[in-house]
Structures are given as C-alpha cells and as structure tokens.
Amino acid sequence: MKKKKIYPMYFLIIPIVLYVVFFLLPSILGIAYSFTDWNSRSMDSVKFVGLDNYIEIFTSDKNYISGILNTLKFTVVSNIVKLIPALFLAILLSEKLKGKGIYRTLLYMPSILPFVIIGIIFTSVLNYNNGLLNIVLEALHLDFAKQKWLSELSVVWKSIYGVDAWRGIGYVMTIFIAGLSTIPRSYYEAAQIDGANFWQRLRYITIPMLSSAVMINLVFGITYGLKVFDIVYVLTKGGPGHATEVITTYSYQLYSNGQYGLSTALNTVLLVVTAVIGVFVVKKMSKQEVQQ
Amino acid sequence: MKVKTKALSAVKHLIMILLCLVVVVPFYMVFINSFKSRPEAARMSLSLPTEWVFSNYTEVIKKGKLVRGFLNSLTYAGVSTFIGVMGSAMASFVMSRRRTRINNFLYYFVLCGLFFPVNYVTLVKVLSVFQLTNTKAGIIITFTSAMIPFCVFTIRNFISSVPVEMDEAAVIDGAGPLSLFFKVIMPMLKPTVVTCFILQFMSVWSDFLTPLYLSSKSSLAPMTMAVYQFFGKNQQYWNYVFADIILTCIPVIIVYLLGQKYIIGGLTAGAVKE
Amino acid sequence: MKKKLISILLMVSMTAVLLAGCGGSNDTEEGSADSGNDFAGEELTILVSAGWMDNRYDETIERFEETYDVTVDVQTIPADQYSDVLQSKLSTDSCADIFWIQSNPFAIESVIVDPEQYCIDFTGAEWKDKMPESRLSSCEYDGKLYGLQIWHNSPEYVMVYNKTMFAELNLEVPSTYEELLTICETLAGADVTPWFMPGADGWQHQLAFFQIGGAYEDDKPGLYDTLNNNEATFADNEKMLQVLEQFKELSDKGHFGEDWIGTDSTNMMNEFADRSCGMAMANSSFIKQIQDETDSEDEYGLFLIPLGDNDTYPTNPSGPTMFGYNGTEHPELVEEFFNFVTSTDSLQEILNNSPAYTNVDMNDEDVEQHWLPEEEEFMATIDESKTGTPVLQTGTKYTNDYWMNFGADMVAYCQGTMEANDVLKNMDTNRAEAAKVAGDAAWE
Chain A
1 MKKKKIYPMY
11 FLIIPIVLYV
21 VFFLLPSILG
31 IAYSFTDWNS
41 RSMDSVKFVG
51 LDNYIEIFTS
61 DKNYISGILN
71 TLKFTVVSNI
81 VKLIPALFLA
91 ILLSEKLKGK
101 GIYRTLLYMP
111 SILPFVIIGI
121 IFTSVLNYNN
131 GLLNIVLEAL
141 HLDFAKQKWL
151 SELSVVWKSI
161 YGVDAWRGIG
171 YVMTIFIAGL
181 STIPRSYYEA
191 AQIDGANFWQ
201 RLRYITIPML
211 SSAVMINLVF
221 GITYGLKVFD
231 IVYVLTKGGP
241 GHATEVITTY
251 SYQLYSNGQY
261 GLSTALNTVL
271 LVVTAVIGVF
281 VVKKMSKQEV
291 QQ
Chain B
1 MKVKTKALSA
11 VKHLIMILLC
21 LVVVVPFYMV
31 FINSFKSRPE
41 AARMSLSLPT
51 EWVFSNYTEV
61 IKKGKLVRGF
71 LNSLTYAGVS
81 TFIGVMGSAM
91 ASFVMSRRRT
101 RINNFLYYFV
111 LCGLFFPVNY
121 VTLVKVLSVF
131 QLTNTKAGII
141 ITFTSAMIPF
151 CVFTIRNFIS
161 SVPVEMDEAA
171 VIDGAGPLSL
181 FFKVIMPMLK
191 PTVVTCFILQ
201 FMSVWSDFLT
211 PLYLSSKSSL
221 APMTMAVYQF
231 FGKNQQYWNY
241 VFADIILTCI
251 PVIIVYLLGQ
261 KYIIGGLTAG
271 AVKE
Chain C
1 MKKKLISILL
11 MVSMTAVLLA
21 GCGGSNDTEE
31 GSADSGNDFA
41 GEELTILVSA
51 GWMDNRYDET
61 IERFEETYDV
71 TVDVQTIPAD
81 QYSDVLQSKL
91 STDSCADIFW
101 IQSNPFAIES
111 VIVDPEQYCI
121 DFTGAEWKDK
131 MPESRLSSCE
141 YDGKLYGLQI
151 WHNSPEYVMV
161 YNKTMFAELN
171 LEVPSTYEEL
181 LTICETLAGA
191 DVTPWFMPGA
201 DGWQHQLAFF
211 QIGGAYEDDK
221 PGLYDTLNNN
231 EATFADNEKM
241 LQVLEQFKEL
251 SDKGHFGEDW
261 IGTDSTNMMN
271 EFADRSCGMA
281 MANSSFIKQI
291 QDETDSEDEY
301 GLFLIPLGDN
311 DTYPTNPSGP
321 TMFGYNGTEH
331 PELVEEFFNF
341 VTSTDSLQEI
351 LNNSPAYTNV
361 DMNDEDVEQH
371 WLPEEEEFMA
381 TIDESKTGTP
391 VLQTGTKYTN
401 DYWMNFGADM
411 VAYCQGTMEA
421 NDVLKNMDTN
431 RAEAAKVAGD
441 AAWE
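Residue numbers (our numbering), protein chains in the order written: chain A, 1 to 292; chain B, 1 to 274; chain C, 1 to 444.
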C-alpha cells in the first residue's frame, strides 16, 4: 500500500500552521525581549543589552537561585507525591469495584476548580484558628498535630504539596486509567495462572505496558512542576517571607514592577531547564517504547 | 477464599470513601456557603445556613452576566477543543504511521511547545497583524494553537495501540485517507481522543487570563471572570463567590460525566483485542 | 444510564437557574432617544480594577446611558492582574476609552509614564474646581490636568477598637507604644486577640509601618525631601528601626493572634462581632460594616496608630483615579462622561450606593454626606498641625511600587530569617532600581 497516499501530509497543515504562527512565534518573540532592557518605561524604544539580564539573575542578591532550587525541589517531590498514589488508585478503580464510576468522577472533581477558588477554599481550611483541618484534628483529639499550615516554615511546603496533590491526583489517575484500559485482560489471567502475585504482575505487566501513560504523566508533571505558579501563589504568594518563592513567582513580581526584560529572561531560563529535562525524559521513555 | 475477597473489597471501599470525603468536603463547603448571607458565608464553616438565601444565585447570574459568560465559555472551549483535538489526532496519525525524517522532526518540534511559556504581549501583537484582536475568533485560534503540543503528544503515544493491519484491510476495501481516518481509526482511538478532549475542554474553560489580555470588551468575557466581580481588597461577597463557583463547575461536571462513558468503553475495547 | 440521568438532571436544573436569572438582565433596551445628541448608539468602554467602581456607579451609568442613548461597558479586572493588563493594553494600543489607576503625586509618572501620549488633556475642565486642592497633585502632571479623583476623606487605616470592651476592662485609648503594649497584655489576659493582624493578605500588615509616616518626618524634619532626592536612606533610620522592632515585639508576644501570618481578613468583621479581638487597622467605614452586617451591639471607636509614639494623622491624597485614553474614538463622549459623573446628582448617587463609604471628598456643598458619629468624634480630636505630612508610601517616590515586597520582608524579619535593617536596605535597593529605570537624575 502506498504510504504516501493513505498517510497524506496535508493532515498536518492546519495544526502545524496554527502552532507556529499563534503559539511558537509569540513565544520566541517574547524570548527575544529578554535580551533587551524592556521595561514599563521604554515601551516603544527597547535597547539591546545582550546577556545583562541573565547575569543579573545569577549574581543579584535577591536570591533568585533559591527560587530556582525551590522550583526543582517542588518538581521532584510533587511528582512523586502524585504519580505513585495515582497509579495505585487507577489500578484499584480499573478492577471490578462497585461504584467505581462514581469514585472516579469524584476524585477527578478537584482538578476542575480554578486555582483562585482553591486558594480561597484552602486558605480558609488551613487557617490555624478556625480552619477546618485543625478543627477536625481537635475533634479527633489529635491536638498535637495542629499546625500553622501556611505560615510555619517547617510545614508550609508540605501544605503546598498536599493541596497540589488534592487537586492533581485525579487528573494523573485519569490518564493512567485510560492507559490501563489498553492492557488486555488475558495477560493478567495468564500471569495469575502462572502464580504471579500482585507486585509481580505490577512489575512485569502493568508498568511496562503503561510506559506511554507514565511518560505522558511524567512529562506533564515535570513541565507543570517547573512552571508552577498558581498553586503556590494562591496559597502563600511566595511567602511567608520568601520561603516558598519559585521561579515563576519571582518572574511575576518582576513583571508587576515593570521589569519586563528581566522577567522574560527568568522565564527563558525556566524554558531551557524545562526543555532539557523534558527532552531527556521523552527520549528515555521512547527508547523503552521501541524495546517493547 | 470468599471471606478474603469480601474483606479486601470492604477495605478498598473504605479507602475510596475516605479519599472521596477528603475531596468532597471542600466542595460541600462551597456548596453550603453559597446559600448563606454575606457575613455568615465569610465564616466558611460547614454548618447549615440559618436561612437559605436562594437569591444569591439569581443575583450572581444577573450581576455577573453569567448567561453571556456561559455562552462565551462554551464557544471558546467547545470550538477550540474540537478543532484542536481533531487536527492533532489527524496530524499524530500521519506522524506515527509514516515515520519519515520530516515527520519525526515535526513531532519533536511540536513537542517543544510543551515547554514554551506564553507571552501575552507578543501574542497580541501577532494577532493584531491579522486583525484578530478583540474578536472571538482570535481567542479561539489562540486556545487551539496552544493545545496542539499536548494533544499531539498524548494521541501519538496511543496510536501505536491501533494495529496497522486495520489500515491495510481498509485500504484493500478501497478506502481513501479521510475515510480510513474517520471510519476506521477514530473509533479505535476514542478513549484517548475523548480523554484528551475532556482535559483540554476543562483547561480552556477555566482559563480566564487569555480572554482577559486578548479582549477589551466585557462582552467577550468567559464565565470564569465573573467571580472576580465579587471579591476585591475591601469588599468580599463570599456567598456570591461560592454561588458563582457552583454555577461555573456544573457544565464541566456534565462534560466529564458524558465523557466518562467513552473512557469506560475503552476498557471493553481493550478486552476484545486478542 | 445513571450517569446520563445525572447529567440530564444537572442540565435541567442549570437551565432553570439560568432562565430565572435571565429575567433581570435584558432590561436596558429602553432608552429615550430624544436628547437630540450625536452620541446615539455609541459604546463607551471603561477599564477598572476590582474594588474601584464595583456597583457604586451603576445607577449613574444607567442614567448616563439613557440620557445620551449610549451603552457603557465596564471591564472589571481582578486586582492582582490589573496593572499587567493595563500596561499590556497601553503598549498595544488596545486600551478602553476610560481607564483607572491608583493615583498619588508620583503615580502618573511611574504608572502611566507618558501621560501626554496616553491621556486626554482635560486642562480647563469645569470639574477641576470640584476636586479638593490636596488631590490635584495626583491628577495633574506638568501643569496639565489628566485625571479625575472621586474618593472619600474618611480616616484610612487607623486603629478601630471595641469601645465597649475597653470600657469593661478599664482601658484608655493609647497614645504611646508603652501604653499600647500594656493594653495588649490586658486584652491577651482576657483571652482576646489584642490586635487582629491579617498577615496573609500580604498588603495589610505593612500599613502599621507606612501609615505613621508623619512620625518619621517629625523625628527627622525634611526626611521626605531627602528621601526623594537620594540624600537619605531607609536603612539605619533609627525611628524606622524602632517601629520595626516594636512590630516584631508585638508579633513575638502573640498579640497579633497566634497565626497572624497565616490569617487573612476574610473573617475580620465576625472577629469583632464575636469579641475575639479588641482592635485592628481599618478604615473608619469598617465600623459601619460591623454595625450593618453583624449583630454586634458594642460601640466602636478610632485612634491613631501609636507605634513609635506616633501622633500624626495619616493624610493620604491618593485614591483610584480615572483618565481618558488618548487613543479613544469618542473623545467628546469621554468628556461628557467626566462632566456627567461630577454633577451633584451623580455624586450623591455614587455616595448613596457606596454602603462602605460615609462621604465623598468633592467641593460640592449640595451633596449630603453621611459621616459616622464615630468619625466626627475622632476627627474632632485631631490636631490640625498634625495632618501636614502624607503617609510614607504616598509622600516618597518609588516606595509604593514595592509595597508587597516590603511586606514579605517584614514577615521574614518576624520569622527570624532577616534582620530589620535588611528589610530597610531592600527598600533602598528597590527604589534605586526603579529610579534608575525612570532616569531619575537624583540617582545618577
């Protein structure tokens, strides 16, 4: 069969054109601005400054470095916190279980809430004095577990991971469920006949066959983690003090103060880091896929 | 044996119920507070309202111009997601089946988009070249273009689960590329495409920043913008805010429920596949 | 099947609710087209941040629409996004016909940057005389009139306190820090949060530092001018350090509430009504809010923030201000709007529709003000000579732009991760950066 005829290139035209003109182009132009002194006062007359903005980022005493480190830490931890439980939940909800449709829908619900709403809800729930969480802990006689969830330096990141997981697990789980649905039952049945237990089935059947879904969740999880803004901003605005600042919150502050060039430069640093990691992950998992 | 599976099943249900509680309680808080008076709602407690204020909802719809906002959101999310997912599916199909150097390059080229940040200022400048600023079309095109990396990435990965034999059979039967794609391939891709559609629909629905920067007319505002009418630095009408949230969430829940069927349908399709 | 049923139920209920709400939103079609004007059918767009217009202008706008047979489209932007959106619109020439900014004597220059390019010149307009002299500096630039500021003159962010509770505990209004500290200890002893401090808002707690600007000026006369000419710094200023240390002391002793950093102002009204707190910084109109919306039968009062033994009044000639966009297609309609909105009838409507404001600060004797007795009582105790210095964030250049950063630094200081002088040093560094970008000669 003639490949050229049944897999025509014109299928690609619309998506590629739209993507290049209305997404890539503005983005790259934006990056170009990071090499200028573009700010709120020089709207029409930007000057080229080369790498000045980038140098500023790495030598300024504003501690952008800690923001970068926080971002990396968040990326790693939030993904672990979300992907592993999501996988088990997906498995649980793919087997025969009464009412699993309802469970799936309910668990997915949090991800439909706009971030600003999540911020409103959880800043109330996590309030030390009247917040739901502490009140429940009190009711269960677990007073010692009460914390200043969003202001105590030792707990604030955990709170962010918690809320982020509350919001994100349903989403990750849904992708795993879609992936699990492509694994034929017969593989499991055969394995069970051979005497494999749950963990062995998991290791030798489920995970290898889920590599696409895992890759999707990893890539999205990593890009989300590196670009994270909303969940941190609505909960703490980068505080208390500057304890939970990430790259994007700094970038946002710079933008709000009119330092557009510097802000874009910070975003570009983020872009490069994200791209390197992302491509690395995709290449690695693609190799696995081919091996299959 | 039976006792063991029954006990296991009970444990599973217990875990799920606990998790669902954790998920549902905040929603319940939003729901119950949407019927309270303003000062009562400010406490954000779980107690029942002392007085059920149903007028919160009508007030919110009127003040927040929610009917118009709803129609706008529907248009943006519906049209952009439909075009974006369809277009990406077609492109992914060709990219996956015909692994030429160009196609591989294009795949990674599109993939890079996942990492690029959005810059609204330059976007507006590009749109103004095409006279698309301040138009619904401009907003829709922006949403569509932005979702292509995600959709291409997701769908292309699942295409390998559709056997090439099906293509060959269809071609032998005399199918051209378009009917091959729509009549044979799409049905097999349903779970993936629908999942993609749902996820993107949600994402566009809750994106209020894009219309904010791309239009100056409030007649183009999506439903999700309305909530900001009700709280600012000095004035906060939490009861309205919560009523607005509930109203904004309902369409999304509907879309998810309707789409759920297809994801479940995928399960049985997989079982048939040997 | 069940899922389909649920979806259908949801759709039906949603449609029902939407239809119910539909009834009210289509009634602006009847306009009298008999005013013989040339604006008929035009649309006036307004770009404003949440909180600056809200519903207060609705009645006036409706009347404007009817009188001129036009439609007015108000785009309300969330406060956090507003400055970004405005800058974006100005730089891409896609701004609304009228736009607002939070203006103060330096804001036109730092926010709009080039008013000649972006704003309609209103020099010579009738309504200029309606604005009080003190507000003109926020509306004019380079001798030309650009902005219209309709705001109130109530005391902003002074201490609001529960008079009844104070009387029960035999407490007098404090005028020095020591007295304040004693009052806090007593209140804490009565199991009440002495000074409710909503740190989680991010923009409130630093008011305690900035509102007492007059105290810094009194301590070092001429300070403001030297700060504006780059001849002085925030860092090493003894009075400022003292105030920061006092703030931290109150925080450390738990007088702001056990988790003030994690608490926002959502529930502040109820905290007062429930008697869980004794005082807080707020606008005088907050008293009206407590009285109107809660069951509290206590009496409330006002006093000046006593940090640093401050006894100056927080004069603040700033407020949300509207400007006409120079690129508009209907400049005459914009001018009509500005004239319309400053008429006595309009001003009265705006005031009446602002439940949170007790007066409108315009030179118009025909407007009936609604001053609170508590406000009048408080204003009577103010010494005129103590009202001359504006608050620190309005009287000094580039300071207000870093409001949030300073607040975050204050929190870091209270948590022990930063020194007080570093908080001040950061402000100096930030101001220097802003000055450099603005090409300010004093910072060359």
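Note that beta-carbon positions come from the ideal geometry of N, C-alpha and C, so glycine has one too.
All values reported here derive from a predicted model rather than from experimental measurement.
Checklist entry - Once you ignore the five residues that flank residue 223 (chain C) on each side, which residues in its own chain have a CB closer than 7 Å to its CB? => result 216, 217, 232
Next on the checklist: In this structure, how does DSSP classify residue 179 (chain C) when only helix, strand and coil are distinguished?
Outcome noted: helix
Checklist entry - For the alpha helix (DSSP H) that contains residue 75 (chain C), what are its first and last residues? => result Looking at the DSSP string, residue 75 (chain C) is not in any alpha helix (DSSP H); the run it does join, the beta strand (DSSP E), is 71 to 77.
Checklist entry - Span of the alpha helix (DSSP H) holding residue 242 (chain C)? => result 238 to 252
Checklist entry - Using a Cβ cut-off of 8 Å, which residues of the region 232 to 253 of chain A contact any Cβ in chain C, in chain order? => result 237, 238, 239, 240, 241, 242, 243, 253
Checklist entry - What is the DSSP secondary structure of residue 161 (chain C), counted as helix, strand or coil? => result strand
Checklist entry - List, in order along the chain, the chain C residues whose C-beta lies closer than 8 Å to that of residue 43 (chain B)? => result 267, 270
Checklist entry - Which residue spans inside the region 153 to 192 of chain A form an unbroken alpha helix (DSSP H) run of at least 4? => result 156 to 180
Item to check | Contact set between residue 130 (chain A) and chain C, taken where Cβ atoms lie within less than 8 Å | outcome: 267
Checklist entry - Which word fits residue 229 (chain B), buried or exposed, when buried means at least 16 other C-beta atoms lie within 10 angstroms of its C-beta? => result buried
Checklist entry - Looking only at C-alpha atoms, which of C:431, C:443, C:418 sits nearest to residue 63 (chain A)? => result C:418
Next on the checklist: On a Cα-Cα basis, can you pick out the residue from B:148, B:167, B:57, B:258 that is closest to residue 200 (chain B)?
Outcome noted: B:148
Checklist entry - Hey, quick one: how far does the beta strand (DSSP E) through residue 277 (chain C) stretch, first residue to last? => result 277 to 282
Checklist entry - Mind checking whether the beta-carbon of residue 286 (chain A) lies closer than 6 Å to any heavy atom of the ligand FMN? => result For the structure depicted, the ligand FMN is absent and the ligand set is empty, with no information on it obtainable.
Next on the checklist: With the cut-off set at 7 Å, would you say residue 74 (chain A) and residue 230 (chain A) are in Cβ contact?
Outcome noted: no
Next on the checklist: Against chain F, does residue 22 (chain A) count as a neighbour if the rule is that its beta carbon must be under 7 Å from one of theirs?
Outcome noted: Chain labels in this structure do not include chain F; the protein chains are A, B and C.
Item to check | Cβ-Cβ distance between residue 435 (chain C) and residue 398 (chain C) below 7 Å | outcome: yes
Checklist entry - Any beta-carbon of chain C closer than 7 Å to the one on residue 150 (chain A)? => result yes
Checklist entry - Would residue 284 (chain A) be called buried (16 or more neighbouring beta carbons within 10 Å of its own) or exposed? => result exposed
Item to check | Cutoff 7 Å: residue 101 (chain C) Cβ touching any chain A Cβ | outcome: no
Next on the checklist: Below 8 Å, how does it come out for the region 159 to 174 of chain B and the region 35 to 53 of chain C: are there three or more Cβ pairs, yes or no?
Outcome noted: no
Checklist entry - Distance, Cα to Cα, residue 216 (chain A) vs residue 122 (chain B)? => result 29 Å
Checklist entry - If you drop the 5 nearest sequence neighbours on each side, which residues of the same chain put their C-beta closer than 6 Å to that of residue 438 (chain C)? => result none
Item to check | Paired residues, beta bridge with residue 454 (chain C) - DSSP | outcome: Residue 454 (chain C) cannot be examined here, being either before or after the span of chain C that is shown, 1 to 444.
Next on the checklist: Could you tell me which whole alpha helix (DSSP H) segments of length 4 or greater appear in the region 74 to 106 of chain B?
Outcome noted: none
Next on the checklist: Helix, strand or coil, according to DSSP, for residue 173 (chain C) in the structure here?
Outcome noted: coil
Next on the checklist: Could you check whether residue 361 (chain C) and residue 347 (chain C) sit closer than 7 Å to each other, using their CB atoms as the reference points?
Outcome noted: no
Next on the checklist: Please state the DSSP three-state secondary structure of residue 355 (chain C).
Outcome noted: coil
Checklist entry - Leaving out the 5 sequence neighbours to the left and right, which residues in its chain are closer than 6 Å to residue 143 (chain A) when beta-carbon positions are compared? => result none
Checklist entry - Considering only residues of the same chain and omitting the five flanking positions on each side of residue 51 (chain C), which have a CB-CB separation below 7 Å? => result 79
Next on the checklist: Going by DSSP in three states, residue 274 (chain B) sits in which element: helix, strand or coil?
Outcome noted: With a pLDDT of only 29 at residue 274 (chain B), under 50, the local geometry of the prediction cannot be trusted, and the value read off the model is given with reservation. Residue 274 (chain B): coil per DSSP, three-state reduction.
Item to check | Test item: CB-CB of residue 389 (chain C) and residue 189 (chain C) under 7 Å | outcome: no
Next on the checklist: Rounded to the nearest angstrom, what separates residue 44 (chain C) and residue 134 (chain B) at their Cα positions?
Outcome noted: 15 Å
Checklist entry - Which two residues bound the contiguous alpha helix (DSSP H) that contains residue 126 (chain B)? => result 120 to 129
Item to check | Interfacial residues, the region 125 to 138 of chain B to chain C, with Cβ spacing under 8 Å | outcome: 125, 128, 133, 134
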